[in-house]
Amino acid sequence: MVGKRLSSPQELEQLRKHILSRRHTEQTVITVCTGTACQTYGSLHVFQALTEEIKRQGLAASVVTAKPTGCHGFCEKGPVIVIFPQEICYVKVKLADVPEIVSKTLAQGEIIDRLLYLDPVTGQKIARDPEIPFYKNQMRLLLGNNRYINPRDIEDYIALGGYHALCKALFQMTPEQVLQEIKKSNLRGRGGGGFPTGIKWETTRNAPGEPKYVIVNCDEGDPGAYMDRSLMEGNPHSVLEGLIIGAYAIGSHQGFIYVRQEYPIACENTVEAIKQAEEYGLLGENILGSGFDFSVKIHCGAGAFVSGESTALMSAIEGKVGEPKMKYIHTAVSGIKGKPSCLNNVETWATVPLIINKGAEWFASIGTERSKGTKIFSLVGKVNNTGLVEVPMGMTLRRLIYDIGGGIPGGKKFKAVQTGGPSGGVIPEQYLDTPIDFDELTRLGSMMGSGGMVVMDEDTCMVDTARFFINFCCEESCGKCIPCREGLRILREILTAICEGRGRDEDIEAIEEIARVMQDASLCALGTTAANPVLTTLRYFRSEYEAHIKEKRCPARACKRLTSYYIVPEKCTACMICLRNCPTGAIHGAKNIVHWIEQEKCIKCNTCFEVCPPRFHAVTRISGEPLPPPPSPNTPVLRQKRGE
Amino acid sequence: MTLTIDGKEVTAREDMTVLEAARKAGIHIPTLCYHQQLKPYGACRICSVEVETKGRVRVVASCGYPVEQGLVVRTRSPRIDRIRKVLIELIAPTVMVNGNVSGEIKKIATEYGADIHRFEPQFRGKSTRCILCGQCVRYCEEVVGEHAIGFVGRGIDRRVVFFPDKARSCIICQACLNLCPTGKIPAETDFVVFDNFSLDDYVSGTL
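Heads up: the sequence lines are chains A and B, in that order.
Everything in the first sequence is counted per the working numbering, starting at 132 for the first residue and increasing by one.
Everything in the second sequence is counted per the working numbering, starting at 236 for the first residue and increasing by one.
Right, dumping it as structure tokens:
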């Protein structure tokens, strides 16, 4: 391992050239996304089969190589593979497709039409991944390299110019200059709060006390959010490089990477990245011969949402229970063991090398006046293209959801988008043209948060949505302070009662009063922000609360206790589909005999509603009005299947 | 240094908290989890006050907020009164014994007009009589130097338990008995159980 150690920037550059010279420019590289989402679709098996098939068909390694990479982002279509240099993208690849991919595309350059992405808007097949609208409308500064890099191979990162920013910082800049560059870039923390990163660094740098610590927060826990995981899994060296640069600017020689245990691949890849960086002399003593020492330890969290809070996370690193403490003195001044500790989110650290490489002015030219650069969102929920999306700040929510996300599936109507996870809020349709910006989102009662973006359509009940997030926080609250623990307990009960038709007139007032006290008085940000989903749904969808309470009606027809399923006899063609799919045998009828639902047996699983062919639209949901009586037994079908 | 609390100029030492400065000046701020000998904990939030710095008004826990030169503090305001009222209403069902609360909680409830039965219909847990102020846990750790008592569980499942292998000295010490603001420990603790107690019993629900 001694031989790998680099002791100057020149040696790093030589190594980069050497790596590139080993790679033939004509070589075909087939990359398989092995991020967590694609792995669940079986991408590891696809990768293995590809490797074997390439060998079996006798394609030489100098001509074709297969490479596992981190998350490409288009998780909806996994497993995703991209063939370079042509950038041919195949989606939803199955094991059975592998021999054909090798014999046709890899051996002869022939494109397999069936595996290409089909643009639902134009009906066209798209061969190259940069042309897929999902990717085309993004600005993938951080995520872009995921598709080239094997996260277990530091040389892949170096080949793309990795650790160049570190060289620049260590050899061409003083720590003070690095700090000023970050301050000038106006980078704001990506973990949720949006605190200016440069000011945080400066606070730690100037705080009395040694040693100083720098920490990566990868305790991402928002429901539906996974951008930090994908960066940590897919490009761990970019985070590491940012961390080392930050440590140099701050004057720290010890860093920690806090990764939640639920992210096993991220943990493994980070451990491997640290090991390789040490072998190459990019971590440890005298980094690249600069005289700067810095080492990193990884801490696998025991699994609690609240541990992402800075004081809780630092307690966990100290080996104590991950529970928040009062922080009227910032952790940047008094953190781990009372020493100055600078904590930044994964995405924030990964942005640092970009700023050092390309300059603060370049970075500050992207985005809005007060929010700079790009932000990664995990776009999930009722949207056609779910996945990871990186866009410049200032893009409107509408462009993100429609141009990149492809709009709402099934021709449904957009209702709201939840940003910022359980600490954020819902944003209704009238604000879809709001630019994505820390302050704009806060003004709407929501927040940027770490980047979760859950799209909801007309079938989503807003009271139920609030109940979901309150329930999440109730389970994740540490229980230390009264407003958070008891406030969430009572809020959950009130919201559950409203969803079940037991709401009382005084409930809305009680919700608002508890929510305000939680905001004012909770010990940490989990408690102060936990009520945001309730407050925003109340602000924008108050009538839905009132319908539940006063009319015992769920306008979205989503709350089970307030909704019944009914088959309209005039529309039923007795096709038997719902009858066969009903898990409780609640649907009666026969061929040519109109179907009807036995209400006592119905568990409201929504299956009949989903399987009833849209052209019949016979199964309906009714809320807040009396249920029509079932048709008399053995009513023959009134509507013919064909010819109507 | 000097600061203003409720319009009164107060001098304080640099290492004091707002609560300590107020008490020294004879200004009363109610507390439930504060104890003079223990480090500030900030769990009950009853001691919340409004502080004004650079024209910005914030609510902070006075037990943990360090004094600053020129700080303006308000210990009573409609906002603060509402916080204390709602906090008592939220915690009351947990400590209800025979339809009533007692001690300091009762005093604060009366002063701030809290309806202790307000959230009873929504409260589905058991009345544990414990507000999780942690005075017992922290006293045992910080003053006695033992760790015979501690927290287990998270959120609404958070509980205080005695750790069996450490709790043998409890029979002699018994310091936590007098600390408990709700009287739970003296009322419910039979020191005989310490020998038999185990965490497994707690987890399985038999304790």
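Glycine included, C-beta positions come from ideal geometry on N, C-alpha and C.
How should residue i be labelled, buried or exposed, when 16 other C-beta atoms within 10 angstroms of its C-beta is the threshold for buried?
i	result
Val378(B)	exposed
Arg746(A)	exposed
His149(A)	exposed
Leu226(A)	exposed
Thr704(A)	buried
Ser653(A)	buried
Gly334(B)	exposed
Pro714(A)	exposed
Arg581(A)	For the sequence presented, residue 581(A) should be read as Ser rather than Arg. That one is buried.
Phe740(A)	buried
Could you tell me if the beta carbon of residue i falls within a distance shorter than 6 Å of some heavy atom in the ligand SAH?
i	result
Val520(A)	Because no ligand of any kind appears in the structure shown, any question about the ligand SAH cannot be addressed here.
Using alpha carbons as the reference points, say which of the options lies closest to residue i.
i	options	result
Trp332(A)	His368(A), Ala378(A), Ser361(A) and Gln303(A)	Ala378(A)
Cys685(A)	Arg752(A), Gln561(A) and Ala180(A)	Arg752(A)
Leu273(A)	Arg321(A), Gln145(A), Met457(A) and Ala749(A)	Arg321(A)
Ala717(A)	Cys706(A), Ala290(A) and Tyr697(A)	Tyr697(A)
Asp424(A)	Thr462(A), Pro327(A), Gly634(A) and Ser138(A)	Ser138(A)
Gln145(A)	Ala290(A), Asp228(A) and Glu729(A)	Ala290(A)
Leu181(A)	Ala191(A), Glu492(A) and Val163(A)	Val163(A)
Cys604(A)	Leu657(A), Gly634(A) and Leu666(A)	Leu657(A)
Gly352(A)	Glu393(A), Ser152(A) and Ala463(A)	Glu393(A)
Asp568(A)	Met524(A), Gly541(A) and Ile535(A)	Met524(A)
Thr505(A)	Ala721(A), Asn515(A), Val514(A) and Val520(A)	Val520(A)
Gly325(A)	Leu710(A), Thr573(A), His726(A) and Gln179(A)	Thr573(A)
Tyr389(A)	Pro216(A), Phe672(A), Ile448(A) and Lys468(A)	Ile448(A)
Gly420(A)	Glu142(A), Glu218(A) and Leu151(A)	Glu142(A)
Arg309(B)	Lys243(B), Ser404(B) and Ile391(B)	Lys243(B)
May I have the straight-line CA-CA distance separating residue i from residue j, to the nearest angstrom?
i	j	result
Phe429(B)	Ala383(B)	Interpretation of Phe429(B) is limited by its pLDDT of 49, a score under 50 that renders its predicted location unreliable; no figure is taken from the coordinates.
Tyr411(A)	Tyr288(A)	12 Å
Gly209(A)	Cys202(A)	10 Å
Gln170(A)	Ile429(A)	24 Å
Val395(B)	Ala661(A)	25 Å
Leu442(B)	Lys611(A)	Low confidence applies to Leu442(B): its pLDDT is 49, below 50, so where it sits in the model is not reliable, and the reading given next is rough at best. The alpha-carbon atoms of Leu442(B) and Lys611(A) are separated by roughly 21 Å.
Cys375(B)	Gly369(B)	10 Å
Tyr776(A)	Ala197(A)	An answer regarding residue 776(A) cannot be provided, because it is not within the stretch 132 to 775 covered by chain A.
Thr527(A)	Arg364(B)	51 Å
Val336(B)	Leu414(B)	17 Å
Thr789(A)	Val511(A)	The structure shown does not extend to residue 789(A), since chain A is modelled only from 132 to 775, so the question has no answer here.
Lys806(A)	Glu675(A)	With chain A covering 132 to 775 only, the question about residue 806(A) has no answer from this structure.
Ile420(B)	Ile366(B)	12 Å
Pro455(A)	Glu231(A)	55 Å
Ala481(A)	Gly340(A)	27 Å
Gly415(A)	Glu403(A)	15 Å
Val522(A)	Glu286(A)	28 Å
Val387(B)	Arg393(B)	6 Å
Ile613(A)	Phe545(A)	37 Å
Thr239(B)	Lys343(A)	35 Å
Cys268(B)	Val177(A)	58 Å
Ile639(A)	Leu622(A)	10 Å
Asp241(B)	Glu285(B)	10 Å
Could you list which residues in chain A have their beta carbon closer than 8 Å to that of residue i, in chain order?
i	result
Gly380(B)	What Gly380(B) touches in chain A: nothing, since even the nearest Cβ is about 17 Å away.
Cys279(B)	Cys612 and Ile613
Cys275(B)	Per the sequence shown, residue 275(B) should be read as Pro rather than Cys. Chain A residues near Pro275(B): Met457.
Ser283(B)	Asp651 and Ala652
Applying a beta-carbon distance threshold of less than 8 Å, which residues of chain B neighbour residue i?
i	result
Tyr676(A)	The contacting residues do not exist; Tyr676(A) stays about 16 Å from chain B at best.
Cys609(A)	Arg389, Gly390 and Arg393
Glu644(A)	Arg317 and Val321
For residue i, which residues in chain B fall below 7 Å Cβ to Cβ?
i	result
Gly618(A)	Leu325
Give the residues of chain A in contact with residue i, contact being defined as C-beta atoms less than 9 Å apart.
i	result
Tyr300(B)	Met457 and Tyr459
Could you work out which residues of chain A lie near residue i, taking near to mean beta carbons separated by less than 7 Å?
i	result
Gln357(B)	Ile621, Glu624 and Ile625
Phe354(B)	Ile621
*Count the CB pairs spanning the segment 462-480 of chain A and the segment 342-360 of chain A that are closer than 8 Å, and state whether there are at least three.*
yes
*At a cut of 8 Å, does the segment 549-558 of chain A reach the segment 573-592 of chain A through at least three beta carbon pairs?*
yes
*Do the segment 247-260 of chain A and the segment 360-372 of chain A meet, that is, are 3 or more Cβ pairs less than 8 Å apart?*
no
*Count the CB pairs spanning the segment 679-696 of chain A and the segment 623-637 of chain A that are closer than 8 Å, and state whether there are at least three.*
yes
*Inter-stretch contact (C-beta, 8 Å, three-pair minimum) for the segment 302-322 of chain B and the segment 646-655 of chain A*: yes
*Are there three or more Cβ pairs, one per stretch, closer than 8 Å when the segment 239-256 of chain B is compared with the segment 298-313 of chain B?*
yes
*asked:* Quick test of the definition: if touching needs 3 or more C-beta pairs under 8 Å, does the segment 495-506 of chain A touch the segment 307-327 of chain A?
replied: yes
*Could you say if the segment 347-354 of chain B and the segment 275-289 of chain B meet the contact criterion of at least three C-beta pairs nearer than 8 Å?*
As far as the Cβ criterion goes, the segment 347-354 of chain B does not touch the segment 275-289 of chain B, which means the pair count is below three.
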